[in-house]
Structures are given as structure tokens and as C-alpha cells.
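Right, one structure below, let's go through it.
Protein chains: 2
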Amino acid sequence: MSLPRGVTTLKEVRDSCRNCRLRSLCLPESLSTADIGKLEEIVHRRKPIARGDYLFQAGHPFTAIYAVRTGSIKTSTLLSNGDEHISGFHLPGEVIGLDAITSDRHPSAAIAMETTSVCEIPFNSLEALGEQAPALQHQLVRIMSRELVTEQGTAQLLTRRSAEQRLAAILLNFSDRFANRGLSASRFRLPMSRLDLGNYLGLVPETMSRTFRRLEEQGLLSIAGKEVSILDKCALTELAYGTGPDASDTTRSGRA
Amino acid sequence: MSLPRGVTTLKEVRDSCRNCRLRSLCLPESLSTADIGKLEEIVHRRKPIARGDYLFQAGHPFTAIYAVRTGSIKTSTLLSNGDEHISGFHLPGEVIGLDAITSDRHPSAAIAMETTSVCEIPFNSLEALGEQAPALQHQLVRIMSRELVTEQGTAQLLTRRSAEQRLAAILLNFSDRFANRGLSASRFRLPMSRLDLGNYLGLVPETMSRTFRRLEEQGLLSIAGKEVSILDKCALTELAYGTGPDASDTTRSGRA
DNA sequence: CGCACGATTGACGGCTATCAAGGTGTGTGG
DNA sequence: CCACACACCTTGATAGCCGTCAATCGTGCG
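What follows is the structure, encoded as C-alpha cells:
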């Protein structure tokens, strides 16, 4: 299988960051071709992992961060009472493991929600490379900043919002993220079970089921198994983020 | 006011990062003396701001991150329905503004909860300096990672936990943070109003009041205005993070 | 002193968790 | 091909927590 130097194999083309469809979402965003080349040298493409397999477990030593290539990953922490809390769902192009940098151990576990392939980026190598390629270092910081904004949005989602609002918001969130990846914004397949989605939203499965049905009855969407069709994005957005039932009333001073 | 070069003024001693009591919590953590010296050159000590004043507002251009020196800061975002959501409370040594890096605009506002002084760290200068001092760059990444872990903890706090559990958890959180700053872990003054604390926890003021009273009646703590005394840290911890009322029962398989 | 704001208390109602039972789908083994 | 097991989802009845509304109280400040 050895090839002369300088020859680009099909595998290299398929695996390279520079040809990756997700470049614009991931670490290589706005990097020079030279810097991307350096990055490719330290990135290791892992073979796909099966649904339910762990990419890493909570407590494991931190050695690398990972970028989802295909499939999807959920991250979860174990609460002291034994329950599991799902902290996030991660689609292709998103980077996971960043919460482990500060403690050298993964605070959360990462589990594949379907057959999933990832790019492994050894963190020591990344830090070393960052010293030669400042743009890469800056991009890492920018990705972490984006993650902070996302987490703040999650906290808002969970704070005094009804089940309907939470579900509407997360569906719109997935819609946007699928659209960013070139898929349909109005029709997509949720990779996780309703139990997992409810866990993330702080709702029990029974409430998830009833809430889905209510949104369907309102004509906002239709579901068939894990397939979701958004029928009225406008109304769904109003429900998720809107001013509520008293939209036209501006005489009240509000909660502020 | 001009002094010969090489003379260290009192102001410089008081303002220097190397002599700062909060060094171990802040950006200079584990940096060499030389690197701290470089950092000091770009840090700008702002004059104190009064209670209620904005350090920056949502939507403002992002130019710098800030480290709280004395006092305390709350960060908040405006929801589309006009309500305010408080995303965090920040004590001396903590860094704020990191969520703005990704978008060049502050997504949230920062407001002083009391007379507060901060160190302003222009971000362009910090990034430039990071290219010469890799340890500084790494420390920035580590601080952002720590922030991610904190945010995940907040999300957990807000997910399917009772008012008592939320209040117990945030009080223990403040207890730890005050202790890390050399203050008493069992007796401290909350810098924010109950309304703000409730806003952060997703609870209305009425519920805050009732929950405080219930914790007092259980003998876990005592309050007088904003002064909090933790009387039974052990029981409070059990309440906040424990296995709940059915602790000794292991026959049930739980929610998982 | 009067005012404004925050904190408190009580009555009430709605939303969602809980408990219980049944239904649906999928993969597995006979 | 069918039967079975298992996980997931759905549906209904009930209860409890917390939000809402309303009124009162306390405190700091002009």
C-alpha cells in the first residue's frame, strides 16, 4: 500500500480538512491553506463508532478534543442521585470535549446516537501547533466563545418556559443547524429518542408526547416517528420566543 | 507627577497583577513572572463604577474582556418579550465578556451590583500578546473551559429541580466561591436582590421568599436581609444534590 | 413625612410530574 | 414466517408544586 511521496491518495482527499464540507463550521474556519495543512497532520480520523457506544466516559483522562464528522453525539453527566442529565446534542462540524481542558478529565460522557465518525485532535499537539499558527489558536478561542453563547441559550430555554415553548425552541434550533449543513430546514429526522430530548429539556416522556401532540393539533408541525416536518415556522417561532398571549398589550410595564 | 524610570510607584504595586490577591483565580494563574509583566502592560485598571451602572450593554462592540477586581457584576440578556434574563453573577477574580469573542458584539450586558472595579484587558492586545506568550494563550483557553463547566452546572441546576434544591445549590455555590476568596464559607452577604437571584434560578420573588423561609424553618440556614448564615452545610448539600427522600431504597431501578 | 421599591403573606389555579396501563415498533430466535 | 421480548411511545387520572393575583409590610431616601 505504500505510495511515492507527493502522491495524493483518495483517502487523503476524502479525509482532508481542506476538502471537508464542514470546514466553515469547524476548526479550519478562515484558516490559511498552509495552516490547514498543519492541522491535517495532527488530526486523526477514527473509525466509525456504533449507536450507543461511548466516545469517552465521564472521568476519563483528557487527551483530545473531537469534531463530529458524520452522525451525531450526545453528551451527558451523571447526577449524584444516579440519574443522567443530557447536556447537549452535537451534529457534524461541532467540536466536543472542550469542557475537559480545565481539569484534565472529561466531566461528561459522549455517546453516539447513531453510527458516527469523528476527527480526533490530540490537545497537546493542538496547543503546540497553536504556537506556530496563531490563527488556529484564535479559532479555538472563537469556537469556545460560541459554545458559551450556546450554553447561555440553553440556560434561558430551561428558565421559566413552558413545555410547548421549550419543544418549539429546540425544534427550531435543530432546523437552523440542519439548514446550516445544507439539509432541509422544514423536514428532518431527529437523531435522539423522545426520552433523551425530554431529559435535555427537563421534561418527562409523558409530557413530551402530549406536547408534541398539542403542537400537531395546532397545525405547527407534523411528526411520524423521529421524522419532523415544520409546517408553520412563523407561528412556531412566535410560540417559542414571542411575547406570549398578550402580544398587543404594551400598557403593562412587564416583569422588569 | 513624572517619576524617574525604574522607580516603582505605590499605584503600580497596588495595581500589578503579580501582587494581586486574586492572581490564582484569574488570567495570571501559573504564568511566569516575565509573562505576568507583559500582561500588566496591556491591562487597564478602570475607575470604580457605581451600583446599577453598565460595564457594557448588549449589542455594544466587543473590544475587551474584564476581570472583576472588587465588588460584583451580574450579566443579563434581554428576551424578545422584554423580560430580562440574568445569566450569571461574577465575583472578584472572574473574567467576563468571553461570550462576545465569537460575534464581535456583546450578547449580554454587564451591570455592577455594588460599587465595583474591574481590570480591562483589550482583546486585540491579548491575542497579540498570546502569540509571544503561549502560556497566556493556554490560560485563556483554560478559563473558557472552566466557564463551560460552570454553564453546564447552571443548566443542570435549572433542569427538573425543586425551588428548595435550586436555592440550596446556589447558596452552596456562593459559599464555595467566597471561601476560595478567603472569606467565610458559612456567613456572607449576597450582593444581589432576591428578585435577581430568583430571575437567575427561574423562580418568582414570591417563591424565593417562601423557599428561604422553609429552609430557615428546617434549621438549615438563617437570613437577615442579604446576610446569609449556613447552619447545616451537610444537610443543605444533601438537599441540593442528594438522592432525595428515597435515599436508602436501592430496589427501584430509577429513572434510567 | 411621603414615596418608591423590595419583601412578605395568603388564596387560587394551571401546568407538569407521577402513577398506571396499554399500544407500537423493531430486532431476535425459533 | 411467526412469536416473543424489549424498549419506546402514548393515553388517562390524579396530585402537588409553583406562578399569578392581590394586599400588606418594611426600609431607605429625597
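First to last, the sequence lines map onto chains U and H. Note that UniProt numbering gives residue 204 to position 204 of the first sequence, counting from 1, and the numbers run on in steps of one. Note that UniProt numbering gives residue 214 to position 214 of the second sequence, counting from 1, and the numbers run on in steps of one. Idealized CB from N, CA, C, for every residue including glycine. Bear in mind the structure is a predicted one, so any value in this text is a computation, not a measurement.
Delimiting residues of the beta strand (DSSP E) encompassing residue i
{"i": "PRO122 (chain U)", "result": "117 to 122"}
{"i": "LYS233 (chain U)", "result": "LYS233 (chain U) -> not in any beta strand (DSSP E); alpha helix (DSSP H) instead, spanning 233 to 241."}
{"i": "SER209 (chain U)", "result": "Taken as a continuous stretch (DSSP letters only), SER209 (chain U) belongs to no beta strand (DSSP E), being part of the alpha helix (DSSP H) at 205 to 217."}
{"i": "THR70 (chain U)", "result": "64 to 70"}
{"i": "ILE111 (chain U)", "result": "109 to 112"}
{"i": "ARG187 (chain U)", "result": "187 to 189"}
Extent of the continuous alpha helix (DSSP H) run through residue i
{"i": "LYS226 (chain H)", "result": "Looking at the DSSP string, LYS226 (chain H) is not in any alpha helix (DSSP H), and its letter there is neither H nor E."}
{"i": "SER24 (chain U)", "result": "First-last for SER24 (chain U): undefined, no H or E at that position."}
{"i": "SER175 (chain H)", "result": "163 to 180"}
{"i": "LEU55 (chain U)", "result": "That residue, LEU55 (chain U), is in no alpha helix (DSSP H); its beta strand (DSSP E) goes 54 to 56."}
{"i": "ARG194 (chain U)", "result": "194 to 201"}
Residues near residue i by beta carbon distance below 6 Å, same chain, minus five either side
{"i": "CYS191 (chain H)", "result": "Note on identity: in this sequence residue 191 (chain H) is Pro, with Cys being the wrong assignment. Cβ within range, chain order: SER72, MET113, GLU114."}
{"i": "ALA168 (chain U)", "result": "LEU236, LEU239, ALA240"}
{"i": "ILE143 (chain H)", "result": "VAL95"}
{"i": "ALA163 (chain U)", "result": "LEU203, THR207, THR211"}
{"i": "ALA185 (chain U)", "result": "SER175, ALA179"}
{"i": "ALA67 (chain U)", "result": "CYS26, VAL95, CYS119"}
{"i": "VAL43 (chain H)", "result": "CYS119, ILE121"}
{"i": "LEU79 (chain U)", "result": "HIS85"}
{"i": "ALA110 (chain H)", "result": "LEU55, PHE56, ILE73, THR75, ILE96"}
Partner residues on chain H for residue i, Cβ-Cβ distance less than 8 Å
{"i": "THR63 (chain U)", "result": "Going along chain H, no residue has its Cβ under 8 Å from THR63 (chain U), so there is no contact; the nearest lies around 14 Å."}
{"i": "PRO107 (chain U)", "result": "VAL149, GLN152"}
{"i": "SER76 (chain U)", "result": "Residues of chain H passing the Cβ test: none, with the nearest at roughly 10 Å."}
Three-state secondary structure (DSSP) of residue i
{"i": "ALA135 (chain H)", "result": "helix"}
{"i": "SER87 (chain H)", "result": "strand"}
{"i": "LYS38 (chain U)", "result": "helix"}
{"i": "THR251 (chain H)", "result": "Note that THR251 (chain H) scores a pLDDT of 34, beneath 50, so its modelled location is shaky; the value from the coordinates is reported in the next line. In this structure, THR251 (chain H) counts as coil in the three-state DSSP scheme."}
{"i": "LEU78 (chain U)", "result": "strand"}
{"i": "LEU221 (chain U)", "result": "strand"}
{"i": "ASP246 (chain H)", "result": "Note on ASP246 (chain H): pLDDT 42, under 50, position unreliable in the model; the coordinate value appears next. Coil, per DSSP."}
{"i": "ILE73 (chain H)", "result": "strand"}
{"i": "VAL43 (chain U)", "result": "coil"}
{"i": "ILE101 (chain U)", "result": "coil"}
Cross-chain neighbours of residue i in chain U, by beta carbon under 9 Å
{"i": "SER145 (chain H)", "result": "LEU98, ASP99, ALA100, ILE101, THR102, SER103, MET144"}
Listed by chain order, chain H residues near residue i by CB distance under 9 Å
{"i": "TYR241 (chain U)", "result": "LEU79, SER80, ASN81"}
Under 7 Å from the C-beta of residue i: neighbouring residues of chain U
{"i": "PRO205 (chain H)", "result": "Near PRO205 (chain H) there are no residues of chain U at all, since even the closest Cβ is about 10 Å away, more than 7 Å."}
{"i": "LEU228 (chain H)", "result": "Checking the sequence, you will find Val at residue 228 (chain H) rather than Leu. None at all; the shortest Cβ gap to chain U is about 22 Å."}
Residues of its chain near residue i, where Cβ-Cβ distance is below 7 Å and the 5 sequence neighbours each way are ignored
{"i": "THR251 (chain H)", "result": "Here the model assigns THR251 (chain H) a pLDDT of 34, short of 50, so the residue's position is not dependable, and the following value carries that caveat. Result list for THR251 (chain H): empty, nothing under 7 Å."}
{"i": "ALA133 (chain H)", "result": "ASP35, LYS38"}
{"i": "SER87 (chain U)", "result": "THR75, SER76, THR77, SER108"}
{"i": "THR63 (chain H)", "result": "PRO122, PHE123"}
Cross-chain neighbours of residue i in chain H, by beta carbon under 7 Å
{"i": "VAL95 (chain U)", "result": "None at all; the shortest Cβ gap to chain H is about 11 Å."}
Amino acids of chain U, ordered along the chain, whose beta-carbon sits closer than 8 Å to that of residue i
{"i": "GLY202 (chain H)", "result": "LEU158, THR159, ARG160"}
{"i": "SER87 (chain H)", "result": "GLN152, ALA155, GLN156"}
{"i": "VAL68 (chain H)", "result": "Those do not exist, as VAL68 (chain H) stays about 17 Å from chain U at its closest Cβ, beyond 8 Å."}
Own chain partners of residue i with C-beta closer than 8 Å, once the 5 adjacent residues on each side are dropped
{"i": "PHE188 (chain U)", "result": "PHE174, SER175, PHE178, GLU227, VAL228"}
{"i": "GLU216 (chain U)", "result": "SER222, ILE223"}
{"i": "SER209 (chain U)", "result": "ARG194"}
Under 8 Å, CB to CB, which of the residues in the region 153 to 181 of chain U have a partner in chain H?
Here the close residues are THR154, ALA155, GLN156, LEU158, THR159, ARG160.
When Cβ atoms are compared, which residues of the region 31 to 45 of chain U fall closer than 8 Å to chain H?
none
Tell me which residues of the region 118 to 139 of chain H have at least one Cβ-Cβ distance to chain U shorter than 8 Å, keeping chain order.
GLU127, GLY130, GLU131, PRO134, GLN137, HIS138
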